[in-house]
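Below you'll find the structure, written out as structure tokens, and then a few comments.
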Amino acid sequence: MLEITPDLLLQAYRIGVFPMGERRDDPKLYWLDPRQRAILPLDAFHLSKRLARTVRSGHFEVSADTAFLDVMRACAEPRPGHPESWINDPILALYGELHRRGHAHSIECRVDGKLVGGLYGVSVGAAFFGESMFSRERDASKVALVHLAARLIKGGFRLLDCQFMTEHLRSFGAVEIPRDDFRALLADAIDRPARFQRVLAGVDPCVVVQANTRMS
824 MLEITPDLLL QAYRIGVFPM GERRDDPKLY WLDPRQRAIL PLDAFHLSKR LARTVRSGHF
884 EVSADTAFLD VMRACAEPRP GHPESWINDP ILALYGELHR RGHAHSIECR VDGKLVGGLY
944 GVSVGAAFFG ESMFSRERDA SKVALVHLAA RLIKGGFRLL DCQFMTEHLR SFGAVEIPRD
1004 DFRALLADAI DRPARFQRVL AGVDPCVVVQ ANTRMS
């Protein structure tokens, strides 16, 4: 079996393929290339008024790339309806190395200094591949997603891949498209320049997201 290295992993993302584990305690990995792909168009991001109020309330302290492995481990924890996880030790090691190389990023939400939500993913060119998210407090992962979208928009990203559709993602405007359509979008984005914005420097993420939607 071909060993999956960080370099091979990046090559796989460039053609739309990604790995997963079978179980948290199983070290084997397998490749996925879904026939239907979920994406969240950054120019059609749906931000509800209630969530915008939550984002602006300051209840969550939001940061980026300050606790990447902690976010990954939290995403792998059992939760209601999902006792098992595809995030195993090889996944943790591979994506941890991508983070060290600047190709994987996390958004963290904290309350009183405690990590209560977040997400992580991989960036290649102007494409961002969302991997997983978690929430220990209501709206924490939703706030993280709004902050991610704002950072991607500010950084010039063209594609936000969500891999598989969920009702949670659909509520933000995510859609499913055929594999060939996804590959066309990926080919357009993968070699374009983009920069993940670790700091928004006082910018209201809600304004960024809403302005980008109005301009489309």
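If you want this note's numbering, it's the position in the sequence shown, counting the first as 1, plus 823.
Glycine included, each C-beta is placed from N, C-alpha and C at the ideal position.
Can you give me the start and stop residues for the beta strand (DSSP E) that residue i sits inside?
| i | result |
| --- | --- |
| D1027 | First-last for D1027: undefined, no H or E at that position. |
| A867 | Unbroken run through A867: none, as it is neither H nor E. |
| D984 | 982–986 |
Does residue i come out as helix, strand or coil in the three-state DSSP assignment?
| i | result |
| --- | --- |
| G919 | helix |
| P850 | coil |
| G936 | coil |
| F891 | helix |
| V966 | helix |
| A927 | strand |
| E960 | coil |
| H882 | coil |
| F841 | strand |
| R902 | strand |
| G953 | strand |
| G944 | strand |
Can you say whether residue i is buried or exposed, counting buried as having 16 or more other CB atoms within 10 angstroms of its CB?
| i | result |
| --- | --- |
| R1054 | Residue 1054 falls outside the range modelled here, since the chain spans only 824 to 1039, and no answer is possible. |
| L831 | exposed |
| E826 | exposed |
Return the first residue and the last residue of the alpha helix (DSSP H) that residue i is part of.
| i | result |
| --- | --- |
| P1001 | From DSSP, P1001 is part of no alpha helix (DSSP H) but of the beta strand (DSSP E) over 998–1001. |
| Q834 | 829–837 |
| R858 | That residue, R858, is in no alpha helix (DSSP H); it is neither H nor E in DSSP. |
| R993 | 990–993 |
Got a sec? Which residues, its chain only, sit under 7 angstroms from residue i by beta carbon, not counting five neighbours each side?
| i | result |
| --- | --- |
| F863 | A quick correction: the sequence has Leu, not Phe, at residue 863. Counting only Cβ-Cβ distances below 7 angstroms, and skipping sequence neighbours, we find L983, C985, L992, F995, G996, A997. |
| R847 | A899, E907, S908, I910, N911 |
By Cβ distance below 6 angstroms, which residues in the same chain neighbour residue i in space, the five residues on each side in sequence not counted?
| i | result |
| --- | --- |
| A967 | I930, C932, G940, G941, L942 |
Between the stretch 911–919 and the stretch 957–968, are three or more C-beta pairs nearer than 8 angstroms? no
Check whether the stretch 862–870 and the stretch 879–893 are in contact - that is, three or more C-beta pairs closer than 8 angstroms. no
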